[in-house]
Each structure stands twice: as structure tokens, then as C-alpha cells.
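Enquirer: For the sequence shown, the UniProt record's numbering assigns the number 1 to the initial residue and increments by one for each residue that follows.
From the three backbone atoms N, C-alpha and C, an ideal C-beta is built for every residue, glycine too.
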Amino acid sequence: MNSEKIEIFDTTLRDGEQVPGCKLNTEQKLIIAERLDKLGIDVIEAGFPVSSPGDFHSVSEISKLVKNAKVCGLTRANKKDIEIAAEALKYAKRPRIHTGIGTSDSHIKYKFNSTREDIIERAIDAVKYAKSFVEDVEFYAEDAGRTDNEFLARVCEAVIKAGATVLNIPDTTGYCLPEEYGQKIKYLKENVRGIEKAILSCHCHNDLGLATANSIAGAINGARQIECTINGLGERAGNTALEEVVMILRQHKDLNLHTNVNSKMLNTMSSLVSDLMGMPVQPNKAIIGANAFAHSSGIHQDGVIKNRETYEIMNPEDVGVNESSIILTARSGRSALAYRFKHIGFDVTKNELDFLYGEFLKVADGKKEVDNDDLTLMMTALTRKIS
Ligand code: KIV
Ligand code: ZN
1 MNSEKIEIFD TTLRDGEQVP GCKLNTEQKL IIAERLDKLG IDVIEAGFPV
51 SSPGDFHSVS EISKLVKNAK VCGLTRANKK DIEIAAEALK YAKRPRIHTG
101 IGTSDSHIKY KFNSTREDII ERAIDAVKYA KSFVEDVEFY AEDAGRTDNE
151 FLARVCEAVI KAGATVLNIP DTTGYCLPEE YGQKIKYLKE NVRGIEKAIL
201 SCHCHNDLGL ATANSIAGAI NGARQIECTI NGLGERAGNT ALEEVVMILR
251 QHKDLNLHTN VNSKMLNTMS SLVSDLMGMP VQPNKAIIGA NAFAHSSGIH
301 QDGVIKNRET YEIMNPEDVG VNESSIILTA RSGRSALAYR FKHIGFDVTK
351 NELDFLYGEF LKVADGKKEV DNDDLTLMMT ALTRKIS
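(1) Could you say which of 136, 227 and 337 lies nearest to residue 259 if we only look at CA atoms?
(2) Kindly indicate which residue of 6, 45, 34 and 8 has the alpha-carbon position closest to the one of residue 17.
(3) Report yes if the C-beta of residue 140 is less than 7 angstroms from at least one heavy atom of ligand 1; otherwise report no.
(4) Per DSSP, what kind of secondary structure is residue 176 in: helix, strand or coil?
(5) For residue 198 versus residue 155, is the C-beta distance shorter than 8 angstroms?
(6) Is the Cβ-Cβ distance between residue 47 and residue 14 less than 8 angstroms?
(7) Going by beta carbon distance, what residues of the same chain come within less than 6 angstroms of residue 330, once the five residues before and after it are set aside?
(8) With the cut-off set at 8 angstroms, would you say residue 301 and residue 7 are in Cβ contact?
(9) Using the Cα positions of residue 164 and residue 177, report the straight-line distance between them to the nearest angstrom.
(10) What's the gap between the Cα of residue 191 and the Cα of residue 78?
(11) Provide the residue span of the alpha helix (DSSP H) that contains residue 387, from first to last.
(12) Comparing the CB of residue 45 with every heavy atom of ligand 2, is any distance shorter than 7 angstroms?
(13) Quick one: give me the first and last residue of the alpha helix (DSSP H) that residue 445 is part of.
(14) Nearer than 7 angstroms: is that true of the beta carbon of residue 15 relative to any heavy atom of ligand 1?
(15) Relative to the C-alpha of residue 203, which candidate in 186, 240 and 321 has its C-alpha closest?
(16) Starting from residue 155, trace the alpha helix (DSSP H) both ways and give me its first and last residue.
(17) Sorry if obvious, but does the Cβ on residue 147 come closer than 7 angstroms to a heavy atom of ligand 1?
(18) Suppose only complete runs of 4+ residues qualify. What are the alpha helix (DSSP H) ranges in the segment 161 to 235, listed by chain order?
(19) How is residue 253 classed by DSSP in three states: helix, strand or coil?
(20) State yes or no: is the C-beta of residue 366 nearer than 7 angstroms to some heavy atom of ligand 1?
(21) Excluding the 5 residues preceding and the 5 following residue 305 in the sequence, name in chain order all residues of the same chain whose CB lies nearer than 8 angstroms to its CB.
(22) So if DSSP puts residue 295 in a beta bridge, which residue, or which two residues, is it bridged to?
(23) Using CA atoms only, rank isn't needed, just tell me which of 174, 275 and 307 is closest to residue 237.
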């Protein structure tokens, strides 16, 4: 069976940048946008143009700069937002307007004090208006995760008729379970008339730590676009992490799904975003965390030294990390110590290693991590003992 493509929609510069403390200036956004384009991203959501003159300017400059990806601007379902987004996107080679409205009962009642019928009308009007400026219109049904499937299907059908080419089904509050989110996508595939004219998109938040799992469940059930951010940045607990989606689809060939992303650039992309946003990456973060390819317990180290695949399911080089690292701690064993000595130029014999390991444990019990300077001191102790 031929592998099908999943479009990667990056919203680091919009949903990611909404995070307190992560605000970027136009120059920084341009650096990230250019790198995202090189990474092989299909759609770059550059911002929310009506939100501020600065954001408008950034979207406009990104539109001029980006060569391959579609450039997208977010709007609410009203004329002013759409007009301003269209203006900001006018230099883009492949512009997309991303418009939408809340569809869950809670949004309809508390945000809009409105009715389901009125929401459908507003959705249709917004898509038709956006369509008068650009061909490529994506519609988001905000809080689709908590929207009743039957009503969601009616909304989707109406906006496809109005011209929407992509239907974004956000789990805005990160509430869904993977099975539930996957079934929602399947339900829409099976019950929305005209669905073959549009692509379903997953946009999942991570409030329960399920954003990536939900996005993958969506793709397995027929979605062909995933919205995500570098390092999983985003409102509250964040969005689906781009690097996780890319590597899951790469490692699980059995899913018959692929992306265009150059995975070897993931590590440097992550560092760039982390540095520019001033948002450190947690060391145990999947794929791009400092510990993602580090081994510190004796049993694991012994296995990895014999054959990397015993404890690693990915080749670090595939995500742009040079090699796996063997970290020396009080839990490390003799083989890790010998390995590290070899790494710094000392081939030690079994007897030497016995002595050095005793010295090593004395140091390791008093420190979190034993470094190369400590190893050199141990070597000096060994030389003194021999001479
Ligand atoms: O989470 C969400 O629902 C959103 C929409 C505005 C697309 O970010
Ligand atoms: Zn979001």
C-alpha cells in the first residue's frame, strides 16, 4: 500500500507565541519562518494579523519571505479580521486564511450567547467572505473536541459548501482521549456530505498530556493535516509537538503515513526556537530533550555499548544529534567507565579497570555526574599506584 502524506501545519509563530514570555519580534519570527520553510513544513501559521500592528507586520514580512510553504493568518469569524488577514497575506505565494468560530455548547452559550443555527450562519458567512480574497480557506470549529459530533458534522458540511478546503477539528481544551478523538474524525469522514472535497486537520492541546496521541489517532482515522508547534509550545500545557509527530510517522512505517519534514534538522530547529523564545526544553522531552539519547544506568549502558538498538528505537543522527551519550553516575557500571576512558584516549586493562572503578565509585557517590576531569584525576591516581 502506498504511503499517504500528512501535511504539517506549524503554528509555533501563532499558538506557540501566545505563551506568556515567548513573544518574538518580527526579525526573530523571520528567522524561524525561513528555517521552517527549509525544514519542509507545508503550512506556516504566521500570526493573527488583526491582533496588533506588530503581528500584522510580521505576517506581511513572512509572506514576502517564505518560498515554498503556504503562509496562513488566523481570524475570527468577522469581516474586519478577514480583511486585515487578507491584506497581511497579499504578498504570499500561497496564502491561506484560517477562520472559524466556537461550536461547543459551552462556547455557543457563554462566549457568544447565541444558538447553533446562528453559529452555522456566521461560519458560512466567514468562509464565503474569506473565499472572496483567497482560494485556500481553512475553517476551525473551536472546541470541536467537546462539540457534539452530529452538530459538528452539520457545521463541516455547511462550510465545505461555502468553499472551505481544510476543516480544522481542534481539541482546544485538550480534553479528548485518543480513541474518542480518532472516532470523531472517523465520524466526520463517514457522515459529512462533500468531505472528499476537504482535508480534515487535527489541532490538539496537551492539557492531559494527550496532544500527540490524539493527533496520531486523528491521522489513523483519516485526517491528513496535523497542526503542531516546535517543542510542543502553546497555550497552557502546549500543542502537539511537531518533532514527536514527525518521528512517530517515520518510525512507524506500518501506519503508511509520512511527512515532508527533514528530520535531521529537528534538533537545531528546537534549539533555535528555545533560544529565541527564551523557553528552555525539559531534559526528558521526547526526541529533542538533552536526555533523549543519554544513558546513565549500568544495565542500559552495557546494552547500548554492545548494540545501540537494545535501548534506542531511533538513530540519534536521524534527528540531528551526533551520537548517543553515556553519562557517568553512581548507577553506572564497569563497561560504561571503560567506554568513556576509551573515548578520552585511554585503553584500560581489566586489572586497571578494577582499580579505576573503585576510585570512580568514591567520586560518583558524592556527585550527580562524573566528568572527564574526574576521569583524568583517576588516571593520575592509577599512574601513581603503578610507579
Ligand atoms: O485551539 C484552538 O482551538 C485554536 C484555534 C484558534 C484554531 O488555536
Ligand atoms: Zn490552539
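Expert: On the basis of the data shown:
(1) 227
(2) 45
(3) yes
(4) coil
(5) no
(6) yes
(7) 364 and 365
(8) no
(9) 27 angstroms
(10) 28 angstroms
(11) No alpha helix (DSSP H) contains residue 387, which DSSP labels as neither H nor E.
(12) no
(13) Because the chain here runs from 1 to 387, residue 445 falls outside it and cannot be looked at.
(14) yes
(15) 240
(16) 149 to 162
(17) no
(18) 178 to 191 and 211 to 220
(19) helix
(20) no
(21) 326, 335, 336 and 339
(22) 326
(23) 174
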